[in-house]
Amino acid sequence: MKQLKLAYTSLLAKHGMGAALFVAISVTLWVVVFITLPQLSMLDYSFRFNLPADQIGTEADHYTLEQYHSFFFNSDGSFNALDITILIRTLIAALIVTMIDVLICYPIAYILAHGAKGVAARLMVIGLIIPYWINEILRAFAFRVLFGSTGVVNTWGMQMGLWDAPVDFIRADVALYCGLAYAYILLMVFPMYNAIEALDHTQVEAARDMGAPLWRVHWRVVLPMAKPGIVSGATMVFMLTAGALAAPQILGGPSSLWFTQLIYQWFNESSNWPRGSAYAVVLLVTCISFVLLMMRVFKVSVGEIGK
Amino acid sequence: MNRHTLFGGAYALAFFAFLFGPLVIMATTAFNSSRFPRVAPWECFTTGWFGELFGNARLMEGLMNSVIIGVGVVALAVPIGLAGALALSELPAKLRSMLYTVLILPILIPGVVLGISTIVLWGQITRGTGAGFLYNGYFLTIVGQITFVSAYAMLVFIARLQRFDATQTEAALDLGATPGQAFRKILLPFMAPAIGSAAFITLLASFENYNTTVFTVLSESTFTTALASKVRHGTDPSLSALAVIIITLTLVGALTNEAYQRRKEAEAGGRASRSPLYANPVTRALTHPGIVFAILVTVIGGITYAGSQYDSSVCEAAVLQEKLDRQEELRAEQRERIEAQEAEQGVTVPKPDSAFGGAFGGVGTPAAPAAPKPESPSAFGGAFGGITAPEVDE
Numbered sequence: 001m002k003q004l005k006l007a008y009t010s011l012l013a014k015h016g017m018g019a020a021l022f023v024a025i026s027v028t029l030w031v032v033v034f035i036t037l038p039q040l041s042m043l044d045y046s047f048r049f050n051l052p053a054d055q056i057g058t059e060a061d062h063y064t065l066e067q068y069h070s071f072f073f074n075s076d077g078s079f080n081a082l083d084i085t086i087l088i089r090t091l092i093a094a095l096i097v098t099m100i101d102v103l104i105c106y107p108i109a110y111i112l113a114h115g116a117k118g119v120a121a122r123l124m125v126i127g128l129i130i131p132y133w134i135n136e137i138l139r140a141f142a143f144r145v146l147f148g149s150t151g152v153v154n155t156w157g158m159q160m161g162l163w164d165a166p167v168d169f170i171r172a173d174v175a176l177y178c179g180l181a182y183a184y185i186l187l188m189v190f191p192m193y194n195a196i197e198a199l200d201h202t203q204v205e206a207a208r209d210m211g212a213p214l215w216r217v218h219w220r221v222v223l224p225m226a227k228p229g230i231v232s233g234a235t236m237v238f239m240l241t242a243g244a245l246a247a248p249q250i251l252g253g254p255s256s257l258w259f260t261q262l263i264y265q266w267f268n269e270s271s272n273w274p275r276g277s278a279y280a281v282v283l284l285v286t287c288i289s290f291v292l293l294m295m296r297v298f299k300v301s302v303g304e305i306g307k
Numbered sequence: 001m002n003r004h005t006l007f008g009g010a011y012a013l014a015f016f017a018f019l020f021g022p023l024v025i026m027a028t029t030a031f032n033s034s035r036f037p038r039v040a041p042w043e044c045f046t047t048g049w050f051g052e053l054f055g056n057a058r059l060m061e062g063l064m065n066s067v068i069i070g071v072g073v074v075a076l077a078v079p080i081g082l083a084g085a086l087a088l089s090e091l092p093a094k095l096r097s098m099l100y101t102v103l104i105l106p107i108l109i110p111g112v113v114l115g116i117s118t119i120v121l122w123g124q125i126t127r128g129t130g131a132g133f134l135y136n137g138y139f140l141t142i143v144g145q146i147t148f149v150s151a152y153a154m155l156v157f158i159a160r161l162q163r164f165d166a167t168q169t170e171a172a173l174d175l176g177a178t179p180g181q182a183f184r185k186i187l188l189p190f191m192a193p194a195i196g197s198a199a200f201i202t203l204l205a206s207f208e209n210y211n212t213t214v215f216t217v218l219s220e221s222t223f224t225t226a227l228a229s230k231v232r233h234g235t236d237p238s239l240s241a242l243a244v245i246i247i248t249l250t251l252v253g254a255l256t257n258e259a260y261q262r263r264k265e266a267e268a269g270g271r272a273s274r275s276p277l278y279a280n281p282v283t284r285a286l287t288h289p290g291i292v293f294a295i296l297v298t299v300i301g302g303i304t305y306a307g308s309q310y311d312s313s314v315c316e317a318a319v320l321q322e323k324l325d326r327q328e329e330l331r332a333e334q335r336e337r338i339e340a341q342e343a344e345q346g347v348t349v350p351k352p353d354s355a356f357g358g359a360f361g362g363v364g365t366p367a368a369p370a371a372p373k374p375e376s377p378s379a380f381g382g383a384f385g386g387i388t389a390p391e392v393d394e
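As structure tokens, this is what we get:
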């Protein structure tokens with residue numbers, strides 16, 4: 001609190017009353033009204049019954065664990081394997097997508113930071129950004145066009161004689177994984193690039209001169225430098241993938257739901273807001289604890305993210 | 001070394017093929033007259049999907065809503081982001097990293113969660129205070145999006161603030177400026193380019209957002225949610241046409257920006273200033289960003305005009321006729337087989353007479369021989385197109 005006051009007086013001295021008030025009010029508003037209160041309110045809601053509007057506030061409206069209970073158990077007391085499987089599958093899928101992105105982005109980030117010069121580097125940066133400007137929905141749509149039963153992949157595959165009948169890539173979730181990996185490439189490349197760029201290229205040359213093979217140079221010299229970037233990018237990709245809604249809705253197979261789709265169904269199709277809130281809390285808590293665990297494992301702090 | 005460069009180049013090429021391939025293919029399908037977005041079989045070159053896109057009332061209404069929401073979000077998120085960046089610059093290290101974590105969190109929190117928490121909170125506030133006017137799609141979407149969009153703006157401002165030389169403010173204060181004057185005359189002008197790019201990024205983020213908006217927009221729809229429901233409930237190439245438009249706009253923006261950056265670099269006297277392009281007065285004028293932009297707009301305008309004049313109805317009629325012939329052929333073939341079978345077994349098998357039955361006859365009537373298996377996607381499309389095509393080609 002004292003430090004906050006100190007920061008405020010320093011702002012006041014530097015930028016004047018108007019600016020200091022503006023900063024203080026805006027940041028408070030942002031932190032309290034936009035970030036904290038909604039989450040608390042959702043948490044509160046998740047501990048309530050799904051009541052019709054006229055019963056809210058009456059004695060029927062008290063706190064309950066029923067919404068969380070029904071996430072773990074069915075009404076007959078058996079284990080709710082369906083929803084838990086969906087959650088676990090979403091997390092695993094997000095992890096796979098994140099790993100795909102790390103693998104395909106690392107070489108590009110390295111080339112961008114140490115290989116490409118001048119026009120080539122600039123073109124590469126523009127080339128990375130342009131797809132990111134296209135609407136998320138349209139990017140998913142592009143993969144539907146690509147992987148549909150009469151899509152380009154199927155047509156070429158059959159023409160080249162790789163397979164005879166159209167393969168259902170949508171049902172096999174190939175389209176979904178590709179679409180998600182594609183969607184967040186930029187978020188993986190730039191943190192990695194920033195980290196690798198800080199590496200002095202002479203170190204790579206020195207390692208090469210000493211006779212280290214290429215893989216070893218990367219393992220011992222480049223990767224340690226790139227680690228914060230990789231973790232930062234991986235965190236963003238993982239969280240966004242696990243929380244993705246549009247791509248699974250468009251590219252997901254009919255048999256595999258994403259956990260966000262489950263939440264969406266509770267809200268928009270079953271109109272059970274408390275249940276939806278409880279599921280949202282489950283998703284949020286699971287994702288955040290997973291990320292924090294990973295950060296602990298790789299010894300990186302949250303402050304690295306977004307840089 | 002050379003081998004590595006070669007490998008790196010090949011990898012970069014493959015990577016960018018993955019990045020642009022899907023977009024190029026999607027853009028190509030916008031010009032194919034086939035009802036389903038695809039490249040092969042190519043039916044007719046058409047520009048009709050662009051017309052269909054602009055005729056889509058729901059999308060256009062969503063576009064309007066998106067603009068309203070976008071303006072609201074930019075107007076609020078940019079100042080909030082600036083405030084966040086300024087606050088971070090003043091706090092001591094420990095508190096700073098704490099606040100940074102809190103402010104950056106909305107980017108990482110799943111958009112679905114943000115959307116839900118926003119409608120739950122404001123729903124409760126509305127119930128508590130009876131202020132029903134707050135509970136509408138526009139307001140909730142703006143509030144919900146600000147939560148994380150402000151963080152994008154803040155990241156832009158932080159990057160710019162790091163290059164700010166604080167001694168400038170000190171000098172102004174020493175020379176007798178009030179702190180307020182120093183803020184307006186020194187810091188804000190320094191931040192101006194960042195304010196521009198933050199406004200652009202926040203507008204784009206607001207426009208593109210789906211996960212949060214789909215909850216907060218309630219019964220209204222924005223451009224992106226309208227688009228998503230269109231994609232989910234059947235696709236047609238008018239979406240590809242939209243992609244063509246967006247890609248074109250993006251490319252124009254990128255090229256103009258590139259020209260602008262080059263020019264700036266040349267004026268600053270770097271390597272670019274020695275380029276022969278800037279020595280010759282004609283090419284020097286031609287590479288001016290304004291001229292580049294004008295040329296691009298003219299070319300695109302010309303192509304758009306030519307495209308709007310193009311009439312593909314003759315070709316489409318021919319393709320339709322071909323499909324009908326093919327369908328007739330398949331049906332005749334099947335009738336023959338059924339008759340042959342009837343003669344053999346002496347039982348009557350219901351004759352499929354719809355176009356649908358022509359292709360899927362084998363499914364509905366188990367006694368009938370399997371319908372002629374389409375040997376290529378075009379045969380399948382032939383029977384399928386026969387049902388839908390007449391509705392389109394009045």
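Residue numbers (our numbering), protein chains in the order written: chain W, 1 to 307; chain P, 1 to 394. For each residue, glycine too, the CB sits at the ideal point set by N, CA and C.
For W273 (chain W), the enclosing alpha helix (DSSP H) starts and ends at 273-298. In chain order, P110, V113 make up the part of chain P whose C-beta sits under 7 Å from the C-beta of L283 (chain W). Per DSSP, the unbroken alpha helix (DSSP H) holding T9 (chain W) starts and ends at 2-28. DSSP lists P:N32 as the beta-bridge partner residues of F45 (chain P). Burial state of Y310 (chain P) is exposed, judged by a 10 Å Cβ sphere holding fewer than 16 other Cβ atoms. With a threshold of 16 other beta carbon atoms within 10 Å, W163 (chain W) falls short and is exposed. Contact check for E61 (chain P) against Y138 (chain P) fails: the beta carbons are separated by 9 Å or more. In the three-state reduction of the DSSP assignment, F73 (chain W) falls in the strand class. Only L128, I129, I130, P131, W133, I134, N135, E136, I137, L138, R139, A140, F141, A142, F143, R144 from the region 128-144 of chain W bring a Cβ to less than 8 Å from some Cβ of chain P. Take the alpha-carbon of G151 (chain W) and the one of V145 (chain W): they are about 6 Å apart. The beta carbon of F293 (chain P) sits closer than 6 Å to those of T256, all from its chain and outside the five residues before and after it, given in chain order. Per DSSP, reduced to three states, the secondary structure at F47 (chain W) is coil, with no helix or strand assignment. Rounded to whole angstroms, P41 (chain P) and A199 (chain P) show a C-alpha spacing of 43 Å.
Between the C-alpha atoms of V217 (chain P) and A113 (chain W) there is a straight-line separation of about 42 Å. DSSP, read as helix, strand or coil, puts F238 (chain W) in helix. The C-alpha of V252 (chain P) lies about 28 Å from the C-alpha of I104 (chain W). Judged by beta-carbon spacing, I125 (chain P) lies beyond the 9 Å limit of L114 (chain P), meaning their Cβ atoms are not closer than that value.
In this chain, E220 (chain P) is not harboured by any alpha helix (DSSP H), its DSSP state being neither H nor E. For the set P:A182, P:A159, P:P79, the Cα lying nearest the Cα of T147 (chain P) is the one of P:P79. CA-CA distance, F215 (chain P) to I119 (chain P), rounds to 7 Å. Under the three-state reduction of DSSP output, F164 (chain P) falls in the coil class, being neither helix nor strand. Among the residues facing chain W, F15 (chain P) is included, as its CB has a counterpart in that chain under 9 Å away. Residue W:L123 holds the alpha-carbon nearest to the alpha-carbon of A259 (chain P) among W:L123, W:S255, W:I100, W:V153. One alpha carbon belongs to I111 (chain W), the other to A120 (chain W), and they sit about 10 Å apart. Between T241 (chain W) and T202 (chain W), the alpha-carbon positions lie close to 37 Å from each other. The beta-carbon distance between V27 (chain W) and A159 (chain P), rounded to whole angstroms, is 18 Å. This is too long to meet the 8 Å contact definition. Under the three-state reduction of DSSP, F169 (chain W) is assigned to coil, being neither helix nor strand. A Cβ-Cβ contact shorter than 9 Å links G180 (chain P) with G18 (chain W).
Chain P places a beta carbon closer than 9 Å to that of V31 (chain W), counting this residue as a contact. Judged by DSSP secondary structure, I108 (chain W) falls within the alpha helix (DSSP H) whose first and last residues are 81-110. In the DSSP assignment, Y132 (chain W) falls within the alpha helix (DSSP H) that extends over 118-133. With contacts defined as CB atoms closer than 9 Å, I250 (chain W) and A140 (chain W) qualify as a contacting pair.
For F36 (chain P), the chain W residues whose Cβ falls inside 7 Å of its Cβ are T150, in order along the chain.
Between V282 (chain W) and Y184 (chain W), the gap from beta carbon to beta carbon reaches 9 Å or more.
Between the alpha carbons of S70 (chain W) and A243 (chain P) lies a distance of about 42 Å. Collapsing the DSSP output to three states places G176 (chain P) in coil.
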